[in-house]
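Peer 1: Residue numbers (this note's numbering): -10 to 122.
Every residue, glycine too, gets a C-beta built ideally from N, C-alpha and C.
Just so it is clear, the structure is predicted and the values come from calculations on it, not from any experiment.
Next up is a structure, given as structure tokens.
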């Protein structure tokens, strides 16, 4: 058995241990095979419009999106498009893309938690110490 390092993929770092197909889900395997890499638009919830925003925000592959996470990706999109920041549905769509599922199948409580994290990270508010008497 060959290690996945011997596949010769450019700009990708893998460990030298033996790797079995069972170590990865099907999408990850597809992404690591040279010439068979997934595009952003191959992910659920990511059409041409969202893919264009992700690329403009410096996120060019499904691997990058997975590494960053949905909230960080949404913040990047907000930074390049402050007049029209991501909505709840876009954020849930990014999370669903990372999970490999349609956004509406993510439980509402989880979607709300992700939205609250996004709001907290983008509010710009800092917690102030209580005023002294």
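What is the rounded straight-line gap between the Cα of residue 51 and the Cα of residue 110?
Peer 2: In the chain shown, counting from the first residue as 1, residue 51 sits at position 62. In the chain shown, counting from the first residue as 1, residue 110 sits at position 121. Roughly 23 Å between the two C-alpha positions.
Peer 1: How would you write the range of the alpha helix (DSSP H) that residue 98 sits in, first residue to last?
Peer 2: Translated into the one-based positions of the chain shown, residue 98 becomes position 109. Where residue 98 is concerned, the enclosing alpha helix (DSSP H) stretches over 97 to 111.
Peer 1: Using three-state DSSP, classify residue 38 as helix, strand or coil.
Peer 2: Indexing the chain shown from 1 puts residue 38 at position 49. In the structure shown, residue 38 sits in a helix (DSSP, three-state: H, G or I).
Peer 1: Considering only their Cβ atoms, is the gap separating residue 107 from residue 83 smaller than 7 Å?
Peer 2: The residue labelled residue 83 in the question sits at position 94 within the chain shown. The residue labelled residue 107 in the question sits at position 118 within the chain shown. Against a cut-off of 7 Å, the Cβ pair of residue 107 and residue 83 comes out as no contact.
Peer 1: Between 43, 53 and 47, which lies nearest to residue 26 when the distance is taken from Cα to Cα?
Peer 2: Numbered from 1 along the chain shown, position 37 holds the residue referred to as residue 26. Comparing Cα-Cα distances from residue 26 to each of 43, 53 and 47, the minimum goes to 53.
Peer 1: Quick check on residue 26: does DSSP put it in helix, strand or coil?
Peer 2: In the chain shown, counting from the first residue as 1, residue 26 sits at position 37. The answer is coil: DSSP assigns residue 26 none of H, G, I, E or B.
Peer 1: For residue 103 and residue 58, what's the separation of their Cα atoms in angstroms?
Peer 2: Taking the first residue of the chain shown as 1, we reach residue 103 at position 114. Taking the first residue of the chain shown as 1, we reach residue 58 at position 69. Their Cα atoms are separated by approximately 10 Å.
Peer 1: What is the DSSP secondary structure of residue 59, counted as helix, strand or coil?
Peer 2: Residue numbering aside, residue 59 sits at position 70 when the chain shown is read from its first letter. Three-state result, residue 59: helix.
Peer 1: Would you check if the distance between the CB atom of residue 34 and the CB atom of residue 93 is smaller than 7 Å?
Peer 2: Position 45 of the chain shown, counted from the first residue, corresponds to residue 34. Position 104 of the chain shown, counted from the first residue, corresponds to residue 93. No, they are not a contact pair.
Peer 1: For residue 68 and residue 46, I'd like the C-alpha separation in whole angstroms.
Peer 2: Looking up residue 68 in the chain shown gives position 79. Looking up residue 46 in the chain shown gives position 57. Cα to Cα, the separation comes out at about 8 Å.
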